[in-house]
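Heads up: the structure comes next, in structure tokens.
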Amino acid sequence: MLQFEMNESTPAKIKVVGVGGGGCNAVNRMIDAGMQSVAYIAINTDKQALARCKAETKLQIGEKLTKGLGAGGNPEIGQKSAEENLEDLSKFMAGADMVFITAGMGGGTGTGAAPIVAKVAKDMGILTVGVVTRPFTFEGKKRSEHAELGIKFLKKYVDSLVIVPNDKLLETVEENTSLLEAFDMADEVLKQGIQGISELIIDDALINLDFADVTTVMKDRGIAHMGVGRGSGDDRVAQAVKDAIESPLLETSIQGAKAVLINVTGGYDLGMLEANEAASEIEKAADSSAIIIFGAAIKEDIKDEIYITVIATGFESRPSADMIGGTVIPGTESKPEQESNIVDSILEEKVETESHNLTDDAFKIPTFLSSK
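The letter at position 308 of the sequence shown is residue 1316 when you use this note's numbering, and the numbering goes up by one with no holes.
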């Protein structure tokens, strides 16, 4: 079912929240790229690292607990640090219609604090989207286990979650690519995804997409695919469609998606038949009954190129609570009842953000990583 959106609307207010070192690095890259249509918030336990972040709003969490020295790779400390500043979190995210929470999973602050940040945002009625990276295998088993559990808990508190496995970079980089360049590529994936959605909502377009369209596709949808494709030359549509629906740096595609948002951007030479071809090819890859929302934009600085952004959700086969990206979370196979009880206890808790009467005991989240 193809829907064309042409109505005008007031732009939604979007905030990008970088949590921990990886999240703050992603925020810096977006700022360096000139993304000025969103507000940035940097959150960290490490005072020195936070000072290096370029976000206009910064929040040091867990000062009493960590003395500004960071979480030391311990997600439990990251979690408790966020709990220490619940009222600040709600204050800084107030007024947002949509919040992106970006973090590198596997470390201390990003893994432990991101789920707390997400829960605060979602309890405030904000459309909450997580965009996170899974660590490289060479970063070690312990970091990988922490990441899987962090992803599991974060998924409970976001409307949609996009996961970028860093190992996918190894399949695309050249032999002489440096480690720094590889991490920069991971940050670039986060930047492109968030920038793509932000531009859909905020920029004027020929066939306009608004915040309601994004909400339709992303609210309470779970795992999401967010792809950006670019093409040039005679087969530019095919190139862009392929990259957008089968992003080489994501672990998802749009196969079986029940809701898909498409935005096609080109120059003055963008043809009607090209727009139709792009929408038709993407519609074929999704579920036969999928809702397809289409938008198109013309930019005068684009020549002989086409850009396609695809957001897909509502997959028929979604990961269970104990499965992330097809991988069994370590420990869940032998203690399913215990893990389930932990999840249930978290979901029963409520942050009273409207009253701002928050205490350090507002979250009774178990130390879900301390036994690993």
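We put the beta carbon where it would ideally sit given N, CA and C, even for glycine. Predicted, not measured: the structure shown is a model, and the values here were computed from it.
Could you pull out every residue in the same chain whose Cβ sits closer than 6 Å to the Cβ of residue i, ignoring the five residues on either side in sequence?
i, result
"I1022", "V1046, M1106, S1206"
"A1129", "M1101, V1107, T1136"
"Y1315", "R1238, T1273"
"I1039", "K1062"
"I1085", "A1079, G1116"
"M1043", "Q1203"
"T1110", "G1026, G1031, A1034, V1139, L1198"
"R1151", "G1114, P1143"
Compute the Euclidean distance between the alpha carbons of residue i and residue j, then round it to the nearest angstrom.
i, j, result
"L1157", "S1297", "33 Å"
"Q1068", "A1252", "36 Å"
"A1121", "L1162", "9 Å"
"P1143", "K1072", "29 Å"
"V1025", "M1226", "18 Å"
"G1081", "I1270", "38 Å"
"L1097", "I1301", "33 Å"
"A1320", "E1289", "14 Å"
"L1094", "L1058", "18 Å"
"E1092", "I1134", "21 Å"
Can you have a look at residue i and say buried or exposed, based on whether 16 or more other CB atoms are within 10 angstroms of its CB?
i, result
"K1041", "Residue identity check: residue 1041 is Ala in the sequence provided, not Lys. So A1041 counts as exposed."
"S1240", "exposed"
"A1248", "buried"
"A1286", "buried"
"D1221", "buried"
"F1146", "exposed"
"T1119", "buried"
"K1075", "exposed"
"V1197", "buried"
"R1060", "exposed"
"P1083", "buried"
"G1070", "buried"
"K1149", "exposed"
"N1184", "exposed"
"M1113", "buried"
"V1181", "exposed"
"E1308", "exposed"
"G1303", "buried"
"G1028", "buried"
Have a look at the DSSP bridge pairing and note the partners of residue i.
i, result
"P1173", "R1142"
"M1106", "I1022, L1135"
"R1238", "Y1315"
"A1383", "Coverage of the chain is limited to positions 1009 through 1380, which leaves residue 1383 absent and any answer about it impossible."
"H1233", "A1320"
"I1215", "A1304"
"S1168", "V1137, G1230"
Who are the Cβ neighbours of residue i in its own chain at under 7 Å, not counting the five residues just before and after it?
i, result
"S988", "Here the chain covers residues 1009 to 1380 and nothing more, so residue 988 does not appear."
"G1322", "R1229, A1265, K1266, A1267"
"G1174", "The identity of residue 1174 in the sequence shown is Asn, whereas the question assumes Gly. Closer than 7 Å at the Cβ level, and outside the excluded window around N1174, lie T1141, R1142, P1143, F1144, A1194."
"S1348", "Interpretation of S1348 is limited by its pLDDT of 36, a score under 50 that renders its predicted location unreliable; no figure is taken from the coordinates."
"V1245", "G1239, E1282, E1285, A1286, I1314"
"I1171", "V1140, R1142, I1159, E1259, G1333"
"V1125", "V1025, V1027, I1051, A1090, L1097, I1109"
Going by beta carbon distance, what residues of the same chain come within less than 8 Å of residue i, once the five residues before and after it are set aside?
i, result
"I1209", "P1019, A1020, I1022, M1106, L1217, D1218, F1219, V1222"
"A1155", "M1113, G1114, T1119, R1142, P1143"
"L1077", "T1053, D1054, K1055"
Every unbroken alpha helix (DSSP H) inside the stretch 1046-1093 [4 residues or more]
1055-1059, 1071-1074, 1083-1092
Which whole runs of the alpha helix (DSSP H) in the stretch 1260-1320 are 4 residues long or more, in chain order?
1280-1293
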